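Have a look at the structure below before the remarks.
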Amino acid sequence: MALETEKEVLGLSEVTIRFAGDSGDGMQLTGSQFSDTTALVGNDLGTLPDYPAEIRAPAGTLYGVSGFQLHFSSSDVHTPGDTPDVLVAMNPAALKINLKDLKEGGMIIANSDSFDAKNLKMAGYEKNPLEDDSLSRYKLVSIPITSLTGNALQDSGLSMKEITRCKNFFTLGLTYWLFNRPLEPTLNWIETKFSKNQAIADANAKVLKAGYYFGENTELFTTRYTVEPARLPKGIYRNVSGNEAIALGFVAASQRSGLPLFLGSYPITPASDILHYLSGYKNYGVKTFQAEDEIAGIASAIGASYGGSLAITTTSGPGMALKTEAMGLAVMTELPLVIINIQRGGPSTGLPTKTEQADLFQAVYGRNGESPIPVLATSTPSDCFYMSLEAARIAIKYMTPVILLSDGYIANGSEPWRIPHVDELPEIDVHFWEKKEGFAPYLRDENLARPWVKIGTPGLEHRIGGLEKAHITGNVSYDPDNHDFMVRMRAAKVKKIEDDIPGLEVQHEQEGELLVLGWGGTYGAITEAVLKLRAQGKKVSQAHLKYLFPFQKNLGEALKRFKKILIPEINLGQLSTIIRSEFLIAPISYTKVKGLPFKSSEIQNKILEVLGGGNGK
Amino acid sequence: MALETEKEVLGLSEVTIRFAGDSGDGMQLTGSQFSDTTALVGNDLGTLPDYPAEIRAPAGTLYGVSGFQLHFSSSDVHTPGDTPDVLVAMNPAALKINLKDLKEGGMIIANSDSFDAKNLKMAGYEKNPLEDDSLSRYKLVSIPITSLTGNALQDSGLSMKEITRCKNFFTLGLTYWLFNRPLEPTLNWIETKFSKNQAIADANAKVLKAGYYFGENTELFTTRYTVEPARLPKGIYRNVSGNEAIALGFVAASQRSGLPLFLGSYPITPASDILHYLSGYKNYGVKTFQAEDEIAGIASAIGASYGGSLAITTTSGPGMALKTEAMGLAVMTELPLVIINIQRGGPSTGLPTKTEQADLFQAVYGRNGESPIPVLATSTPSDCFYMSLEAARIAIKYMTPVILLSDGYIANGSEPWRIPHVDELPEIDVHFWEKKEGFAPYLRDENLARPWVKIGTPGLEHRIGGLEKAHITGNVSYDPDNHDFMVRMRAAKVKKIEDDIPGLEVQHEQEGELLVLGWGGTYGAITEAVLKLRAQGKKVSQAHLKYLFPFQKNLGEALKRFKKILIPEINLGQLSTIIRSEFLIAPISYTKVKGLPFKSSEIQNKILEVLGGGNGK
Amino acid sequence: MANNIDTPEVKYTAKDFTSDQDVRWCPGCGDYSILAQVQRTFPDIGVKKEKIVFVSGIGCSSRFPYYMNTYGFHGIHGRAAAIATGLKIARPDLSVWVATGDGDLMSIGGNHFIHTCRKNVDLKILLFNNRIYGLTKGQYSPTSEKGKITKSTPFGSVDYPFNPLSLALGAEASFVARTLDRDPKHLQEMIKRAAQHRGTAFLEIYQNCNIFNDGAFSILTEKETKADNVLVLEQGKPMVFGKENDKGIKLDGFTPVIIDLKEGKNSVNDCLVHDEKDPDPIRAFILAHMTDREGMPTPIGVLRQVSKETYDAGVERQIKYVTEKKGEGTLDKLLFNDSTWEAN
Amino acid sequence: MANNIDTPEVKYTAKDFTSDQDVRWCPGCGDYSILAQVQRTFPDIGVKKEKIVFVSGIGCSSRFPYYMNTYGFHGIHGRAAAIATGLKIARPDLSVWVATGDGDLMSIGGNHFIHTCRKNVDLKILLFNNRIYGLTKGQYSPTSEKGKITKSTPFGSVDYPFNPLSLALGAEASFVARTLDRDPKHLQEMIKRAAQHRGTAFLEIYQNCNIFNDGAFSILTEKETKADNVLVLEQGKPMVFGKENDKGIKLDGFTPVIIDLKEGKNSVNDCLVHDEKDPDPIRAFILAHMTDREGMPTPIGVLRQVSKETYDAGVERQIKYVTEKKGEGTLDKLLFNDSTWEAN
Ligand SMILES: Cc1ncc(C[n+]2csc(CCOP(=O)(O)OP(=O)(O)O)c2C)c(N)n1
Ligand SMILES: Cc1ncc(C[n+]2csc(CCOP(=O)(O)OP(=O)(O)O)c2C)c(N)n1
Ligand code: SF4
Ligand code: SF4
Ligand SMILES: [Mg+2]
Ligand SMILES: [Mg+2]
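Chains as they are written, first to last, in this note's numbering: chain A, 812 to 1428; chain B, 812 to 1428; chain C, 509 to 852; chain D, 509 to 852.
Spelled out as structure tokens, the structure:
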């Protein structure tokens, strides 16, 4: 619904906006609503929620500031944007923390009501920046959002506390107007969300509109902006976050394999949402078990897998550490299981709400004994859906635990996703062993996988466990030669998966001066950097790893064709280390461990530095 | 006490003997008594206990066989010996399992009483091998040990069951005679061990002598053997096992540092003995806490470390896995702590009583987040003492957790050890921060270590924990730049340790065709192999790593000086992988994962293969 | 017993439950008797062999599944209850049994144990309590008496033991019982009772480790002392024991005391009458703590048996309810939510 | 309270226990009151500030140590009791406190909790029970009521909650008490009582999480409903409650029932008299389970306080004994055992 208006409407190709305020100000909600609506109008987009580990840190404090950045465009979007064009600052602390990122000449929308002495002091401002000319380099629009919200709800009969809680909807309405977005999606959302409390629903709706019309009627804005829909491939789209896509991916895997889905999990940021989503899918036969701890989470999943379910367990770093021993059991019993690690800042409790890629070593090497487990990684929110299906496929086909790595940035970020048609999805076929003749629990098929037996099959009663198994019979065996054989057999089975996965695709030239090699959540920033530099005529290629162990067969070949390999990672160079040992080459490791994704500009600069004077030709 | 005797006495330079029988036959005790006595008479020696995971597997079964091999010599001993000269077989199963290893023409001492139909059948013998000529290639001495023991104890008043239990002392006495060893040490041991039960003490002593005199008087033996004392460096010696040496090492570290020793541990094979030894040292102020699980084991140690103790935790693979999360906490809180992993066969429960080196990856890489921990490894039983002191020194000086790796072979094996004089041991100096001025919990000293405060110091009250810490103040910090700084700071601190450890010493030529590089328990087998080949004129050098992370500074240099590097490991090549990534060279990885140490002959053959025709010149 | 009762056509014998693996326990170990009684009883519990699963942790006792010719899972130390919980939730049609030791269940596995009791997951837990760590060669366990001298406590342990029944009751277990390895009949009866119960059935079995803790329970098992030291609980019956049933238990306040039934002063009618069905856990708690006082007999039998919805049944109920309410999910319903848009 | 009483020269004020960190809990969180009462009470427990340590796990509640100006350790999730146990064994001279939540202590930390109670380690455990996972934004916890609708249980939880007091008693805790964040006086008194106890002192504090589980305890804290729903336990006093102290508790068998003290039929003399010192845990267990029945009041106060040797004291005793017996160890004694020989 784009209202008639006399105001000038300026078309933009892309916009980056950041909403910032107290953790109590509802900025995450404002941001996600803006994203969903923006997706609906057909822009491509990328998001970056960024909030503190505290639930509601005291109002006005610097560490209590919560932010949500959103980048939307009429063409492809790969990142949440490096520098916002618009900063919405609900209080002084939010302004203080976020101003440094704002684009030169960018717009600041500030809630002037909250710029009182107390808040200014807490944010460390001597003078009120809205009143001195310190912000002259920006387009400053200061609006008494709190009082305007109050006015709008004067006779709503709500308490003052409830009223002020609505103010983020004013901000949302205002920005909807400013960027010419419809109100309906949010109005509908409000209706269902607050169906239990009509008064609140009405208030929020009212304030949303108030914000919208305020933009319409005030003189503060002379122009509003529109961003044309992106020319996305034909199809039906929805907005999806990484964690939601993982939940959808495994329900899809359950449907495609005909196996009931079992999740054993213990809540932990930033993985908990997968548990939340899946526990809503009871009518898909999904069973979610909130265990007493992470060990019970994976142990219950192993039990469910032995019982014939598609079993998964979700966690983050510290929980991953606790699951280590049980992963070894899954390796020894050769049961299908997917272990999902949504990486966060470490070590230890570290930075629970921030993103990082520092659990790669742990995934590939972090177990006692020779304990090989395939490791996959997602690269974008929507990619989470497909990698989940792939992880399930490999686990079932090879009777092995599989580790799927994601991270906080992918998990909480969202993007438009073209919903695939059912027939685009891989069949996952499952063969439970049924016939009594010739059965032995540690027989091997052509994939070196052992038979999976559905408990309840008469005549196939058998025992498995964590002690070394005799080849074929699966009996406990301390025989030296058998142990050596089985250790190598388990390794060979996992290695064999390389024959069953797509080869690595190098983007752009297949050889030359520089290849930027990434994995996981750095995909967007690398892609944007590479495209921008190529647009400037630089020759630089890109490849992104989704299979970390085993590697794709053609990886070594692909790397050899480039003079230099640049590997950006949000850790101290873990992939680089593995590449070094695997291929005896020395990639250039570019690392940043700040709990934040790379900015594409950072990667661009690094590429330019690596290319030196030359432009890769 | 070497009796007068008319029998011919043959001098030998070295002997390897293996005692084998049911897990109920007391072979481990027999072996360790023989070792202690043999040490006492001044031979150098090496041992290899090898027993099943079951406590007393049913008598007569093949998997129930327990063995103890002992290699003693008048010159240096590096291994328990490849092929026994003498095999003591207490039953058919023991013969069946062990015969293949016996040297051509070696001696078999068999307990003929146990070669009855039932036992023969269980061992899978059609005919009695003592009676057909199937053993003609060996010196077979078959003796009715059970009945002879019975006769000796006719009027002891003991039950039949008790009497048969004594039969291993007959065997021991007999072999004492055969190899001319004194009875006193064992007689004394019996007195103290069975002080509570004089009847049993007397019986064992009686049977021991009976065995000895049987050898003396029977016609079965025409010769007895003597092995002259080894020319060991001047000094006072004792026999020590790896686990005992670790216990002694940390008590020594406690005495040298003046810090009380705290062990938090949960029993697990093959690490439990360290807990057993240390719990006997109460009068050294040692506190041992048998925790409810491994997590509580390390968590309690972290608490004790915060309280100012020298804190350690001991375990093996599966327990190590469980400690992973808490190790991260120790990294973040930067507290001194030594984590001792006595490696065993994996993955999962694997082969609990067998040896392996497959936890190196886990030690170096196996944690969530960037979580650097120094990793040290022991190489022989007596080396365990010194590496324990070294681990404690590094932990305290650098305020860091340290992982000390040993393995089942080192842990249970024993060797003569020249007891150092107190002043040969390093001082470990400890500086608790005491002054209030200028204190901050995350200050850094010249070693990048933070201050250690003894709780109870007035005015220094402070808080630490697992969330990221602000540099210096140690306050909780989510600041992006601080996180990046601290991640690199923790890494730099651990790297810095390389400046404070002895450089790597290469044995023999410092450059040339081939360097055999080892770590951990392979030391003896490699040394013997290298020495034997050099005696044959082959040019091959040797180096052994005790510092796995960080490496010694000169390692890269040392490796570059050799055309080929051979790395034998009891895993699938874990050190090789790390060497590859660190130095971008391709060592030759030689692996065997059978739950057993390398035989030096296996390594000799591999070296010859690598040298090809040439002899290293 | 499985939720969907699923009785075999043919009548099994003990042999049907005997696997082809030789039993590797020490000669004389109490575990043999437990294995034998389970194999003898299972033909009578009315569950098809292929629907039975034994899950265990690590320990001598945890080798149990290998010897049962049913499905079996030898897990990792302490995690049997957690593995079994996942299995039971995924497969409510199975009869899931846990074989575990006092170290496995009470030490490292304590948390999974109390949570299983709390959730009332339909598992039968057989605790082989020998008050020692057998497989690791004789360290003290959380059920070892204070002052116990073992390899890891050469001067005696300084901690108080758990009372497993008390802990289970504190965690709201719905079935709590105790028996003895050396009393085959009673052991068999208790196994049957556990099999019949829906919900967490916790059966503590005093088991002799003749290698590392020999005779720990001899006064309860030896002919001469048994009668005067064991109180056999029977539903609805007065608590009487002693060689000539000459002793009774009555309550003095909340404290059970022994009364003499011979010298006329007290009669059977003065004895406390056993009521395992009491909805309150108090009576059972009193019995569990009877041995806190010197000289009191050790109660064996079912201390408590009450019925409440099991966790796994609750999960099924909820899935059924939601599915009826929302209709069965399909991939299209799943992927195409109500905020999609079309690009063309 | 520390074993070696170690009283400060100067009298502290609450301010002395306030650290320089700003408190980061949500406005209105019950944790603020707990912090305030601890800071107000500590000047009276007679322990030097530098001898006090707060250990915690992870959770909103576990941020507690940062705000106390004593030594403090913010551990990892569920391990506070284990860390504190090691610290207390190593340093029996310290007063070691554990601040923890219902997820931290009852879910992932359950095993360490019951073992701490069993061993009677001299720790004071403050359980901030808000019946929810706060820090992870509102999943149900092991103390959440059955049917609870949360992020992880959108259709209601299907498991029964723990009764933390019952669990502690089942694990043989020597001090078991309960109080309310909104009753500062009582909370202060309970903190003092915990401080005085030698051994594991378990104090459950009902705490309101106004963001994810607001009002969970309101009927116990709101003026109108409090008096009729809370039973304040006082040693040696009859159990009386109600707006005009018009209700009493008496036992019918083992089941507590409410009697009306107004309508003459019953008098205070018919009421059960509270005895926290009863060596048997039965009375306390009855009180812990009082709320199993609809309509019964929630008891607050000390349910149980008995004295027995603490684990850490036992360790000291043994070290003293062995050292006296064997003499203090020296390096020479250690290394030169009795089977050495000389080579020259
Ligand atoms: C994670 C882990 N920790 C420790 C061990 C070593 N371990 C094996 S069994 C056992 C205890 C056995 O005692 P219990 O459960 O009572 O069984 P029992 O042998 O007495 O029947 C221990 C500590 C292990 N296998 N895994
Ligand atoms: C090993 C591990 N698992 C899970 C988490 C995530 N986590 C942090 S706090 C918490 C539960 C908090 O609940 P509670 O203990 O009741 O504390 P509250 O926030 O309610 O005060 C969880 C699951 C973690 N930090 N570490
Ligand atoms: S050690 Fe003890 S428990 Fe284990 S098998 Fe032997 S007798 Fe049985
Ligand atoms: S989330 Fe709840 S418990 Fe946590 S600080 Fe906020 S109000 Fe308190
Ligand atoms: Mg046991
Ligand atoms: Mg809570």
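By construction, the Cβ of each residue, glycine as well, lies at the ideal position given by its N, Cα and C atoms. All values reported here derive from a predicted model rather than from experimental measurement.
How far does the beta strand (DSSP E) with residue i in it reach, from first residue to last?
i: Met-918/B; result: 918 to 922
i: Pro-1212/B; result: 1212 to 1218
Over what stretch of residues does the alpha helix (DSSP H) that includes residue i continue unbroken?
i: Ile-1414/A; result: 1411 to 1422
i: Gly-822/D; result: 819 to 834
i: Pro-672/D; result: 672 to 678
i: Trp-533/D; result: Element bounds for Trp-533/D: n/a, residue is neither H nor E.
Verify the CB distance criterion: does residue i have a CB-CB separation below 8 angstroms to chain B?
i: Met-509/D; result: Only weak support exists for where Met-509/D lies, its pLDDT of 39 falling under 50; the value from the coordinates is given anyway. No, no contact with chain B.
i: Arg-599/D; result: yes
i: Ser-541/C; result: no
i: Ala-813/A; result: Model confidence at Ala-813/A stands at a pLDDT of 40, short of 50, so the residue's coordinates are unreliable and nothing is read from them.
i: Ser-615/C; result: yes
i: His-585/C; result: yes
Would you say residue i lies against chain C (beta-carbon separation less than 8 angstroms)?
i: Thr-1402/A; result: no
i: Gln-844/A; result: no
In chain C, which residues lie with their C-beta within 8 angstroms of the C-beta of residue i?
i: His-1273/A; result: Tyr-579 and Gly-580
i: Leu-851/A; result: Ser-847 and Trp-849
Along chain A, in chain order, which residues have C-beta atoms closer than 7 angstroms to that of residue i?
i: Met-838/B; result: The contacting residues do not exist; Met-838/B stays about 16 angstroms from chain A at best.
Does the CB of residue i have a neighbour CB from chain D at under 8 angstroms?
i: Gln-826/C; result: yes
Please list the partners that residue i has in chain D, where partner means a Cβ-to-Cβ separation under 7 angstroms.
i: Thr-1160/B; result: Under the 7 angstroms cutoff, chain D gives no residues; its nearest Cβ is about 20 angstroms from Thr-1160/B.
i: Thr-1268/B; result: Glu-558
Please compile the residues from chain C whose C-beta is within a distance smaller than 9 angstroms of the C-beta of residue i.
i: Pro-869/B; result: Asp-530, Val-531, Arg-532, Trp-533, Cys-534 and Pro-535
For residue i, decide whether its Cβ has a neighbour in chain A, counting only Cβ atoms nearer than 8 angstroms.
i: Gln-1173/B; result: yes
i: Glu-1055/B; result: no
Using DSSP bridges, identify the partner residues of residue i.
i: His-1355/A; result: Gly-1329/A
i: Val-563/D; result: Phe-581/D and Val-606/D
Inset, instruction - Indicate whether the contact test is met: 3 or more Cβ pairs, each with one atom in the stretch 655 to 671 of chain D and one in the stretch 590 to 606 of chain D, closer than 8 angstroms. - result: no
Inset, instruction - Please confirm if the stretch 1123 to 1131 of chain A is in contact with the stretch 676 to 694 of chain D, defined as three or more CB-CB distances below 8 angstroms between the two stretches. - result: no
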